[in-house]
Amino acid sequence: MSSNYISFPRIEGAASRQAHVDLPEGTFERELGKEGFFGPATMMYHCHAPTGWTNWSGPLRPRAFDLNTLTECGETLWDAPAVLSNASTLIRLWRVAKPMDYLLRNGDGDELLFIHAGSGSLYCDYGHLRFGKGDYIVLPRSTMWRIVPDEPVMLLAVEATGTTYRTPDRGMVGRHAVYDEAILDTPVIDDAFKAQQDESEWHVLIKRMGEVSTVIYPFNPLDAVGWHGDLSVVRLNVTDIRPLMSHRYHLPPSAHSTWVAGRFVICTFVPRPFETDPGALKVPFFHNNDDYDEVIFYHDGDFFSRDNIHPGMMTFHPCGFTHGPHPKALSRMYEQSKPMTDEYAVMIDTRDPLTPGAGAQATEFKDYARSWNVADGPVRPPARPKAAE
1 MSSNYISFPR IEGAASRQAH VDLPEGTFER ELGKEGFFGP ATMMYHCHAP
51 TGWTNWSGPL RPRAFDLNTL TECGETLWDA PAVLSNASTL IRLWRVAKPM
101 DYLLRNGDGD ELLFIHAGSG SLYCDYGHLR FGKGDYIVLP RSTMWRIVPD
151 EPVMLLAVEA TGTTYRTPDR GMVGRHAVYD EAILDTPVID DAFKAQQDES
201 EWHVLIKRMG EVSTVIYPFN PLDAVGWHGD LSVVRLNVTD IRPLMSHRYH
251 LPPSAHSTWV AGRFVICTFV PRPFETDPGA LKVPFFHNND DYDEVIFYHD
301 GDFFSRDNIH PGMMTFHPCG FTHGPHPKAL SRMYEQSKPM TDEYAVMIDT
351 RDPLTPGAGA QATEFKDYAR SWNVADGPVR PPARPKAAE
C-alpha cells in the first residue's frame, strides 16, 4: 500500500505565489497542513481573521493556565499534580525550596527539567552539575538525582514516557546549527560531589508505571568515582541557542526544535531579528493544528503574539481548530516597530491528545478562548507595504 499523500499543487482565485509572503491585499493567510509543517499544505486567503469567533461551547477550546498560582506542587516531583499528559508524556510544575534528602529515579522514561526560576546544584549518578534560570536538564531514564537549591527553584518537568530525548535533525543547515553540541554541559566528579557521599541511610523513590517504590540504602548510592561513555545527564541554557532565521520569510515553529522524543517535540523560542522584507509576515501565521496538540510555556520577555500573557503562564491549543496571533499582534503583522523579538518560551507539540490534569484545573484562566474577541468588531488586515522602487 502506498504511503504517498494525494498531492497536486493548484492555485485558485486571489492567492500568493509563496507562503507567508506578499499576501493579496486585504487578506489574512491560514495554513492547512499535514504532519505539522512537513506534509502537503494549502494556504487559504480570508477576508476576516480566522480566529474571529464570538463564543465557544464544548470541551475543545484554547486554554491558558497561570502556573505561578500553583502552590500545591507536592513534596516530591512524583507527588506533583499533572498539568497535561497523555501516554507519551507527563508535564508537571514543581517547586524545590529545600535540599532533597532523598533521590528520585524515573523508570518510565527520560525526564527533562526546565528551570524557570532559581538556581542550585544537581547531584546524580554522573556527578555534580550547577544550574540556573533558563537551563534545560535532560535526565536519562533511571538516572538517580536530587537537587540542592541556592534559592527556591520553580521548574517544568516533561517526561518522555517510554522513549528517549534526542537532538533534532538539522538537515541541510548542518550539525552545528541551532546549538553546537559542544555547548552541552555534563556533570563532573568534583570535590562537591565527593563531599556529599556518606554512610547515612538514603531513600531512592523509583517511579515505574506511575507507581512509586522506595529502595533504602545504608549509604549514599551517588558514590561513583568516575565514568566513561556517551550516555549522561546534559545541560543546555536557552541563551546558548542560536535560532535559525530568514529576513524574508517567517519560519515555522519546527525550525526552532531543541529536543525530539518518540511522540512529541520540544521547541524553544528565543530573541531573533524580525523579518525585514516589506511583504513578509512578522507575526506567526494562522494555521490549523490538525495533527498535533500545541503547548507553550512562557518563560521570560515580551510575548509579541499574545496579549495578557506573562512569564510562568502556559497556553494549550488542542488539535482541531485554527489558531494564531491575537488582534493587537495582527495590527502589527507587517510592522517592524522594534528590531527583534524579546521572548523566551518552551513549546511542546504532541502527536497524541493531551488531557488537562489537576494542575491545569487549579490554575486555568477561564476566559482565554474569548481573548481573541474585539469589542469594536471584526479585525481587518492592515495594508501591505509596497516594496521599495
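With the first letter of the sequence shown counted as 1, position 38 gets the number 38 in UniProt numbering; the numbers rise by one all the way through.
Note that CB positions come from ideal geometry on N, CA and C, so glycine has one too.
query = What did DSSP end up calling E181 once you bin it into helix, strand or coil?
reply = E181: helix per DSSP, three-state reduction.
Cα-Cα separation, I11 to T163 = Here the alpha carbons of T163 and I11 stand approximately 41 Å from one another.
task = Compare the C-beta of G36 with all C-beta atoms of chain C and state if any pair is closer than 9 Å.
result = The chain labelled as chain C is not found in the depicted structure, where only one protein chain is given.
ask   = If you count every other CB in all the chains shown that lies within 10 Å of the CB of Y102, and 16 or more means buried, which is it?
value = Classification for Y102: exposed.
ask   = Around the Cβ of M209, are there at least 16 other Cβ atoms within 10 angstroms (buried) or fewer (exposed)?
value = A residue is called buried when at least 16 other Cβ atoms come within 10 angstroms of its Cβ; M209 does not meet this threshold and is exposed.
request  = Report back the beta-carbon spacing between H203 and I189 to the nearest angstrom; my notes put them in contact at under 8 Å.
outcome  = Actually they do not touch by this definition, with Cβ atoms about 23 Å apart.
ask   = Mapping DSSP to helix, strand and coil, what is L32?
value = In this structure, DSSP gives L32 an extended state, which the three-state scheme calls strand.
request  = Please classify R235: does DSSP put it in a helix, a strand, or coil?
outcome  = Reduced to three states, the DSSP call for R235 is strand.
message = If you reduce the DSSP assignment to three classes, tell me which class R248 lands in.
response = Three-state result, R248: coil.
message = Output needed for A19: all residues of its chain with C-beta closer than 6 Å, excluding positions within five of it in sequence on either side, in chain order.
response = Scanning its chain for C-beta atoms nearer than 6 Å, with the 5 sequence neighbours on each side dropped, one finds around A19 the residues M43, in chain order.
inquiry  = For L244, which residues in the same chain have their Cβ closer than 8 Å to its Cβ, ignoring the five residues on either side in sequence?
reply    = When the five nearest sequence neighbours on each side are left out, the beta carbons in the same chain lying within less than 8 Å of the beta carbon of L244 are those of V173, A177, V178, L251, A255 and H256, in order along the chain.
ask   = What is the C-beta distance between I115 and V153, in whole angstroms, given that I count them as a contact (C-beta under 8 Å)?
value = Under the criterion of beta carbons closer than 8 Å, I115 and V153 qualify as touching, at roughly 7 Å.
ask   = DSSP puts I137 in a beta bridge; with which residues?
value = Note: I137 sits in a beta bridge opposite L113 and R235.
task = Determine the direct distance from the alpha carbon of V233 to that of C227, and round the result to whole angstroms.
result = Here the sequence assigns Trp to residue 227, which means Cys is not the residue at that position. Straight-line Cα distance between these residues: approximately 12 Å.
inquiry  = Taking the alpha-carbon of W94 as reference, which of M313, L231, A80 and H247 has the nearest alpha-carbon?
reply    = Closest by alpha carbon: A80.
message = So, with DSSP's three-state summary, where would you put residue 390?
response = The structure shown does not extend to residue 390, since the chain is modelled only from 1 to 389, so the question has no answer here.
ask   = Alpha carbon to alpha carbon, what distance is there between L139 and L112?
value = For L112 and L139, the gap between their C-alpha atoms comes out near 6 Å.
task = Sort K133, R61 and V96 by Cα distance to E364 and report the nearest one.
result = Across the set K133, R61 and V96, the C-alpha of R61 shows the shortest separation from the C-alpha of E364.
task = Would you tell me roughly how many angstroms separate the C-alpha atoms of P221 and Q197, rounded to the nearest one?
result = Annotation: P221 to Q197 spans about 8 Å, alpha carbon to alpha carbon.
key: Classification of E201 by the beta-carbon crowding that lies within 10 angstroms, buried from 16 upward   = By the 10 Å Cβ count, E201 comes out exposed.
message = Using C-beta distances below 8 Å, list every residue in its chain close to L281, excluding the 5 sequence neighbours before and after it, in chain order.
response = Only residues of its own chain outside the window of five on either side were considered, and among them H20, V21, L23, E29, H250, E275, M333 and Y334 have a CB closer than 8 Å to the CB of L281, listed in chain order.
message = When you compare the segment 339–346 with the segment 264–271, are there three or more beta-carbon pairs, one atom per stretch, that lie closer than 8 Å?
response = Because the criterion of three Cβ pairs below 8 Å is met, the segment 339–346 and the segment 264–271 touch.
inquiry  = Taking only three categories from DSSP, how would you classify F269?
reply    = F269 falls in the strand class under three-state DSSP.
D79, DSSP secondary structure in three states = In the structure shown, D79 sits in a helix (DSSP, three-state: H, G or I).
Residues near L32 by beta carbon distance below 6 Å, same chain, minus five either side = Once the five neighbours on either side are set aside, the close Cβ partners of L32 are T42 and N288.
query = Can you tell me the Cα-Cα spacing of A82 and G357, whole angstroms?
reply = Computed Cα separation, rounded: 5 Å.
ask   = Between E181 and the rest of its own chain, which residues show a CB-CB distance below 8 Å, the 5 nearest in sequence each way excluded?
value = Closer than 8 Å at Cβ, skipping near neighbours: T167 and R175.
message = For L104 and T76, which I take to be in contact (beta-carbon distance under 8 Å), what is that distance rounded to the nearest angstrom?
response = Contact flag correct, Cβ pair sits at about 7 Å.
key: Proximity to H310 [Cα-Cα], best of C124, F65 and G52   = When only C-alpha atoms are compared, the closest one is F65.
query = How would you label V283, buried or exposed, when you count the other beta carbons within 10 angstroms and need 16 or more for buried?
reply = It counts as buried.
query = Do S142 and R130 have their CB atoms nearer than 9 Å?
reply = No. Outside cutoff.
key: CB contact flag (R272, M314, <9 Å)   = It is not a contact, given that the beta carbons lie outside the stated cut-off.
key: Delimiting residues of the beta strand (DSSP E) encompassing K207   = Per DSSP, K207 belongs to the beta strand (DSSP E) from W202 to R208.
ask   = Residue range of the alpha helix (DSSP H) that L330 falls in?
value = Note, L330: alpha helix (DSSP H), P327 to L330.
query = Is A49 buried or exposed, if buried means 16 or more other CB atoms sit within 10 Å of its CB?
reply = The residue is buried, with at least 16 neighbouring Cβ atoms inside 10 Å.
key: Residue closest to A15, alpha-carbon to alpha-carbon, out of G52, F8 and G26   = Distance from the Cα of A15 is smallest, within the candidate group G52, F8 and G26, for G26.
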